[in-house]
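What follows is a short report on a single structure.
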Amino acid sequence: MLSHGEQTMMDIWNSAGSVGTQQQLFDARSALRRPLVDPSSNASEQASYTRTAQTEIYNLFPRLPNPDLVLYVYPHLSGSEQAPVPGYSTVFPLYRTVQYAQPGERVDDL
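If you number the sequence shown the way this note's numbering does, the last residue is 150 and the count never jumps.
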């Protein structure tokens, strides 16, 4: 059915939204155009409940205490050519294998 009035399709389209509807549309578009970094949302507030790979691993598979030992290797000469090697430190665990806690087992350092 064709309209018999003097309005064109563009007139109907432009007048279809009332002032309230246009304001709601503007508000919705403004909300979508918010900046990527919102100063009101602080990342530290979200850190406690944000899932990361590290928190997932430590929460799902808690390890029993295994202290790290630090070994310092003093500067020395190495090989037949007596090449100088600077001092360095290395870290290795006290126990050879990693032990995982059973459900409900204490995992705090003793």
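Glycine included, every Cβ here is placed at the ideal spot set by N, Cα and C.
Note that this is a predicted model, so its numbers are computed, not measured.
In this chain, the alpha helix (DSSP H) harbouring ASP51 covers 49 to 55.
Assignment of PHE101 by DSSP, reduced to helix, strand and coil, places it in the coil class. In the DSSP assignment, HIS116 falls within the unbroken beta strand (DSSP E) covering 116 to 118.
Pairing ALA141 with ASP148, the inter-Cα distance amounts to about 10 Å.
Excluding residues up to 5 positions away in sequence, SER129, VAL131 lie with their Cβ nearer than 7 Å to the Cβ of VAL110 in the same chain. Apart from the 5 residues on each side of it in sequence, HIS116 sits with its Cβ closer than 7 Å to the Cβ of VAL125 in its chain, given in chain order.
In this structure, DSSP gives ASP67 a helical state, which the three-state scheme calls helix.
Looking at TYR114, SER120, MET50, ARG103, the one whose alpha-carbon comes closest to that of THR137 is ARG103.
Following the DSSP letters along the chain, one finds ALA123 inside the beta strand (DSSP E) bounded by residues 123 to 125. For LEU109, the enclosing beta strand (DSSP E) covers residues 108 to 113.
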